[in-house]
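Novice:
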Amino acid sequence: MSSQMDYKGIKERVEVRVRKEKRLSKFILLASNIGLYVMFLVIAWQMYLANGGTLPNWDSMVNLPGFVRSAGDPTTSALMMLSIGWAVAILLQTVGFIIDSPIGERSIRDRAMGREMRKEMTRLGMDELEEQEKRKGMMRLTDDGELEAVDDVSEVDVTPIKQNRKA
137 MSSQMDYKGI KERVEVRVRK EKRLSKFILL ASNIGLYVMF LVIAWQMYLA NGGTLPNWDS
197 MVNLPGFVRS AGDPTTSALM MLSIGWAVAI LLQTVGFIID SPIGERSIRD RAMGREMRKE
257 MTRLGMDELE EQEKRKGMMR LTDDGELEAV DDVSEVDVTP IKQNRKA
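Taking this note's numbering, the leading residue of the sequence shown gets 137, the next gets one more, and so forth.
1) Could you give the uninterrupted runs of the alpha helix (DSSP H) lying entirely in the region 234 to 266, keeping only those of 4 residues or more?
2) With three or more C-beta pairs closer than 8 Å as the rule, is the region 221 to 231 touching the region 161 to 181?
3) How far does the alpha helix (DSSP H) with Leu165 in it extend, from its first residue to its last?
4) State yes or no: is the C-beta of Leu227 within less than 8 Å of the C-beta of Trp181?
5) Using a Cβ-Cβ cut-off of 8 Å, state whether Arg247 counts as contacting chain D.
6) Determine the direct distance from the alpha carbon of Gly240 to that of Arg259, and round the result to whole angstroms.
7) Rounded to a whole number of angstroms, what is the C-alpha to C-alpha distance between Glu148 and Arg159?
8) Just to confirm my understanding: we take Ile234, look at its own chain, exclude 5 residues before and 5 after, and list those with CB closer than 8 Å. What are they?
9) Can you tell me whether Met275 is helix, strand or coil according to DSSP?
10) Ignore the nearest five residues each way along the sequence and tell me which others in Leu191's own chain have a CB closer than 8 Å to its CB.
11) If you draw a straight line from the alpha carbon of Lys156 to that of Met257, how long is it in whole angstroms?
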(Lines of atoms letter the chains of each structure in order from A and count residues from 1; the text may use other names and numbers.)
(Lines give C-alpha, C1' and ligand atoms only; values in the text may rest on other atoms or scores of the structure.)
Protein backbone atom coordinates (compact mmCIF):
# COMPACT_ATOMS: atom_id res chain seq x y z
CA MET A 1 0.00 0.00 0.00
CA SER A 2 1.33 3.40 -0.98
CA SER A 3 2.00 6.08 1.61
CA GLN A 4 0.94 8.78 -0.87
CA MET A 5 -2.65 10.01 -0.76
CA ASP A 6 -4.51 10.07 -4.07
CA TYR A 7 -5.64 13.70 -3.98
CA LYS A 8 -6.94 13.60 -7.54
CA GLY A 9 -9.11 10.57 -6.76
CA ILE A 10 -10.37 12.16 -3.55
CA LYS A 11 -11.26 15.35 -5.41
CA GLU A 12 -13.15 13.41 -8.10
CA ARG A 13 -15.12 11.43 -5.51
CA VAL A 14 -15.95 14.63 -3.61
CA GLU A 15 -17.18 16.29 -6.83
CA VAL A 16 -19.39 13.30 -7.63
CA ARG A 17 -20.83 13.34 -4.11
CA VAL A 18 -21.48 17.11 -4.26
CA ARG A 19 -23.30 16.75 -7.60
CA LYS A 20 -25.46 13.93 -6.20
CA GLU A 21 -26.37 15.92 -3.10
CA LYS A 22 -27.19 19.03 -5.14
CA ARG A 23 -29.41 16.98 -7.45
CA LEU A 24 -31.19 15.37 -4.50
CA SER A 25 -31.79 18.71 -2.77
CA LYS A 26 -33.11 20.29 -5.99
CA PHE A 27 -35.45 17.35 -6.49
CA ILE A 28 -36.72 17.61 -2.91
CA LEU A 29 -37.31 21.35 -3.34
CA LEU A 30 -39.18 20.77 -6.60
CA ALA A 31 -41.34 18.03 -5.08
CA SER A 32 -42.16 20.15 -2.03
CA ASN A 33 -43.01 23.12 -4.27
CA ILE A 34 -45.41 20.96 -6.29
CA GLY A 35 -46.96 19.60 -3.08
CA LEU A 36 -47.46 23.09 -1.66
CA TYR A 37 -48.90 24.27 -4.97
CA VAL A 38 -51.50 21.51 -5.04
CA MET A 39 -52.34 21.93 -1.36
CA PHE A 40 -52.78 25.72 -1.48
CA LEU A 41 -54.65 25.54 -4.78
CA VAL A 42 -57.16 23.07 -3.37
CA ILE A 43 -57.57 25.07 -0.14
CA ALA A 44 -57.96 28.42 -1.93
CA TRP A 45 -60.51 27.19 -4.47
CA GLN A 46 -62.41 25.21 -1.83
CA MET A 47 -62.68 28.25 0.46
CA TYR A 48 -63.72 30.45 -2.44
CA LEU A 49 -66.42 28.06 -3.66
CA ALA A 50 -67.68 27.40 -0.11
CA ASN A 51 -68.21 31.14 0.41
CA GLY A 52 -70.42 31.55 -2.66
CA GLY A 53 -67.80 31.98 -5.37
CA THR A 54 -68.26 30.57 -8.85
CA LEU A 55 -65.93 28.67 -11.09
CA PRO A 56 -64.57 30.70 -14.00
CA ASN A 57 -66.55 30.55 -17.24
CA TRP A 58 -64.72 29.56 -20.38
CA ASP A 59 -66.31 32.61 -22.03
CA SER A 60 -64.48 34.92 -19.66
CA MET A 61 -61.14 33.26 -20.39
CA VAL A 62 -61.37 33.73 -24.15
CA ASN A 63 -60.73 37.27 -25.25
CA LEU A 64 -61.53 37.41 -28.96
CA PRO A 65 -61.93 40.71 -30.77
CA GLY A 66 -65.53 41.62 -31.53
CA PHE A 67 -67.01 39.56 -28.70
CA VAL A 68 -68.46 41.45 -25.78
CA ARG A 69 -68.03 39.61 -22.52
CA SER A 70 -69.35 40.35 -19.12
CA ALA A 71 -67.01 41.50 -16.42
CA GLY A 72 -65.83 38.52 -14.40
CA ASP A 73 -65.57 38.23 -10.67
CA PRO A 74 -62.28 39.85 -9.58
CA THR A 75 -61.70 37.17 -6.95
CA THR A 76 -61.98 34.45 -9.59
CA SER A 77 -59.50 36.36 -11.74
CA ALA A 78 -57.10 36.66 -8.80
CA LEU A 79 -57.28 32.92 -8.10
CA MET A 80 -56.70 32.18 -11.79
CA MET A 81 -53.63 34.44 -11.79
CA LEU A 82 -52.36 32.72 -8.65
CA SER A 83 -52.89 29.28 -10.19
CA ILE A 84 -51.24 30.13 -13.50
CA GLY A 85 -48.38 32.09 -11.95
CA TRP A 86 -47.41 29.33 -9.55
CA ALA A 87 -47.67 26.73 -12.33
CA VAL A 88 -45.25 28.77 -14.46
CA ALA A 89 -42.87 29.02 -11.49
CA ILE A 90 -42.94 25.23 -11.10
CA LEU A 91 -42.35 24.82 -14.84
CA LEU A 92 -39.29 27.09 -14.71
CA GLN A 93 -37.95 25.28 -11.65
CA THR A 94 -38.40 21.97 -13.51
CA VAL A 95 -36.48 23.32 -16.51
CA GLY A 96 -33.68 24.41 -14.17
CA PHE A 97 -33.65 20.95 -12.61
CA ILE A 98 -33.36 19.33 -16.05
CA ILE A 99 -30.57 21.69 -17.12
CA ASP A 100 -28.60 20.80 -13.98
CA SER A 101 -29.09 17.07 -14.59
CA PRO A 102 -26.28 15.03 -16.17
CA ILE A 103 -28.10 15.01 -19.52
CA GLY A 104 -28.51 18.80 -19.56
CA GLU A 105 -24.96 19.33 -18.35
CA ARG A 106 -23.61 17.00 -21.05
CA SER A 107 -25.54 18.88 -23.74
CA ILE A 108 -24.22 22.24 -22.55
CA ARG A 109 -20.69 20.84 -22.32
CA ASP A 110 -20.90 19.40 -25.87
CA ARG A 111 -22.09 22.73 -27.32
CA ALA A 112 -19.36 24.64 -25.49
CA MET A 113 -16.73 22.14 -26.65
CA GLY A 114 -17.89 22.46 -30.26
CA ARG A 115 -17.78 26.26 -30.07
CA GLU A 116 -14.28 26.26 -28.59
CA MET A 117 -13.04 23.71 -31.15
CA ARG A 118 -14.37 25.86 -34.02
CA LYS A 119 -12.72 28.98 -32.55
CA GLU A 120 -9.40 27.18 -32.16
CA MET A 121 -9.57 25.71 -35.67
CA THR A 122 -10.33 29.16 -37.08
CA ARG A 123 -7.43 30.64 -35.12
CA LEU A 124 -5.06 28.00 -36.47
CA GLY A 125 -6.40 28.31 -40.01
CA MET A 126 -7.58 24.71 -40.14
CA ASP A 127 -11.04 25.57 -41.42
CA GLU A 128 -9.59 26.74 -44.77
CA LEU A 129 -7.62 23.52 -45.10
CA GLU A 130 -10.75 21.52 -44.43
CA GLU A 131 -12.59 23.37 -47.20
CA GLN A 132 -9.77 22.59 -49.65
CA GLU A 133 -9.88 18.94 -48.62
CA LYS A 134 -13.58 18.83 -49.39
CA ARG A 135 -12.98 20.23 -52.86
CA LYS A 136 -10.22 17.71 -53.51
CA GLY A 137 -12.65 14.93 -52.80
CA MET A 138 -15.18 15.93 -55.48
CA MET A 139 -16.38 13.11 -57.69
CA ARG A 140 -18.50 13.01 -60.81
CA LEU A 141 -20.42 10.35 -62.65
CA THR A 142 -19.01 9.44 -66.05
CA ASP A 143 -21.10 8.54 -69.10
CA ASP A 144 -20.63 4.84 -68.45
CA GLY A 145 -21.90 5.20 -64.85
CA GLU A 146 -18.62 5.09 -62.93
CA LEU A 147 -17.34 7.59 -60.40
CA GLU A 148 -14.18 9.51 -61.22
CA ALA A 149 -12.25 12.01 -59.15
CA VAL A 150 -12.37 15.62 -60.28
CA ASP A 151 -8.99 17.33 -60.12
CA ASP A 152 -10.10 20.86 -60.98
CA VAL A 153 -13.31 22.40 -59.69
CA SER A 154 -13.67 24.43 -62.91
CA GLU A 155 -14.08 21.14 -64.82
CA VAL A 156 -17.33 20.41 -63.01
CA ASP A 157 -20.32 21.08 -65.22
CA VAL A 158 -23.31 22.08 -63.15
CA THR A 159 -26.52 20.95 -64.79
CA PRO A 160 -29.92 21.68 -63.34
CA ILE A 161 -31.94 18.70 -62.22
CA LYS A 162 -35.31 18.28 -63.87
CA GLN A 163 -38.02 17.49 -61.40
CA ASN A 164 -41.41 16.08 -62.20
CA ARG A 165 -43.96 17.75 -60.00
CA LYS A 166 -47.54 16.64 -59.92
CA ALA A 167 -49.96 19.45 -59.28
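Using N, Cα and C, we set each Cβ at its ideal position, and we do this for glycine too.
Specialist: On the basis of the supplied data:
1) 238 to 260
2) Touching, yes.
3) The residue you call residue 165 lines up with position 29 of the sequence shown. Leu165: member of the alpha helix (DSSP H) spanning Tyr143 to Ala186, first to last residue.
4) The count along the sequence shown starts at 1 and reaches residue 227 at position 91. The count along the sequence shown starts at 1 and reaches residue 181 at position 45. Contact flag unset, no.
5) Absence of chain D from the displayed structure is noted, only one protein chain being present.
6) Taking the sequence shown and counting its residues from 1, one reaches residue 259 at position 123. Taking the sequence shown and counting its residues from 1, one reaches residue 240 at position 104. About 29 Å.
7) The residue given as residue 148 occupies position 12 in the sequence shown. The residue given as residue 159 occupies position 23 in the sequence shown. Cα-Cα distance, rounded: 17 Å.
8) Sequence index remark: in the sequence shown, residue 234 carries index 98 (1-based). Counting only Cβ-Cβ distances below 8 Å, and skipping sequence neighbours, we find Gly240.
9) Position 139 of the sequence shown, counted from the first residue, corresponds to residue 275. Strand, per DSSP.
10) Here residue 191 refers to the residue found at position 55 when the sequence shown is read from its first residue. Same-chain partners within the cutoff: Leu185 and Thr212.
11) Looking up residue 156 in the sequence shown gives position 20. Looking up residue 257 in the sequence shown gives position 121. Within the model, the alpha-carbon separation for Lys156 versus Met257 is close to 35 Å.
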